[in-house]
Amino acid sequence: MKVEKNNVITLTYSLRIPDTDGEMDVVEVVTEEDPMLFIQGISGLPEGFENQIEGLVVGDIFDFTVEAENGYGEFDPEAIVELPKEVFQMDDVDQEELLQIGNIIPMTNEDGERMHGQVTEIKDDVVVMNFNHPLAGKEMHFEGQILSIRPATAEEISHGHVHGEGGVHHH
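One point on numbering: in full-length UniProt numbering, the residue at position 9 of the sequence shown is 9, and numbering is uninterrupted.
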């Protein structure tokens with residue numbers, strides 16, 4: 001079997017991205033003890049990633065770079081937003097603890113879509129949030145290996161994710 005649409009892929013990888021000095025930093029490592037499982041074609045992974053592993057077979061080793069535009073897109077300066085501090089006032093939340101620089105806070109926009117913003121600056125009455133994906137504008141270098149491939153079940157395809165071992169458990 002090959003990596004192709006609607007097959008469940010199990011793989012390991014390490015992800016490196018360039019830091020501010022252009023040195024490659026390892027930011028994520030997925031090992032055989034806790035591999036990544038996804039359905040090719042509906043994984044939610046960047047298209048550039050899926051395209052690169054398409055057609056590989058079990059045991060194949062991959063080593064490739066996904067440019068920002070095929071990954072999580074370019075950095076969007078308009079995704080840096082100033083929000084009034086009142087937005088973060090909730091009864092059961094310690095605002096001081098919540099509003100730490102670097103914290104990622106799940107929020108909802110006007111259309112009711114869930115987004116994650118990172119606190120980048122705190123001023124007197126506003127909080128500066130960055131809603132760019134943490135990997136936006138970054139070139140991503142993946143190295144890894146295909147561990148197993150099997151066809152996804154009809155149920156997995158309709159739900160859009162892997163069930164069973166290593167997958168999503170419905171309760």
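Think of the CB as a built atom: it goes at the ideal place given N, C-alpha and C, for glycine as much as any other residue.
- When E143, H159, E74 and R150 are compared, the shortest CA-CA separation from T31 is found for E143.
- By the criterion of at least three beta-carbon pairs nearer than 8 Å, the segment 144–162 is in contact with the segment 52–63.
- With a threshold of 16 other beta carbon atoms within 10 Å, P46 meets it and is buried.
- Among the bridge pairs identified by DSSP, K123 is matched with none.
- For L98, there is no enclosing beta strand (DSSP E); the residue is found in the alpha helix (DSSP H) stretching over Q95 to L98.
- Within the segment 36–123, the runs of beta strand (DSSP E) at least 3 residues long that lie entirely inside it are, in chain order, 36–39, 61–66, 80–84, 104–108 and 114–122.
- In the structure shown, E4 adopts coil according to DSSP, grouped into three states.
- Contact annotation: H133 and R16 have beta-carbon atoms that are not nearer than 8 Å.
- Note on geometry: alpha-carbon atoms of K2 and V26 lie some 28 Å from one another.
- The beta carbon of K85 sits closer than 7 Å to those of D125, V126 and V127, all from its chain and outside the five residues before and after it, given in chain order.
- Taking C-beta separations shorter than 7 Å and ignoring five residues to either side along the sequence, the partners of N70 in its chain run P46, E47 and G48, following chain order.
- Within the same chain, Cβ atoms closer than 6 Å to the Cβ of I122 are found at L99, the five residues on either side in sequence being excluded.
- Taking every protein chain shown into account, the CB of Q95 has fewer than 16 other CB atoms within 10 angstroms, so this residue is exposed.
- Measuring C-alpha to C-alpha distances from E82 to each of G102, T120, V57 and E155 identifies T120 as the nearest.
- CA-to-CA, the gap between E97 and E28 works out to about 26 Å.
- Your pair N6 and Q52 does not check out as a contact, with CB atoms roughly 18 Å apart and the cut at 8 Å.
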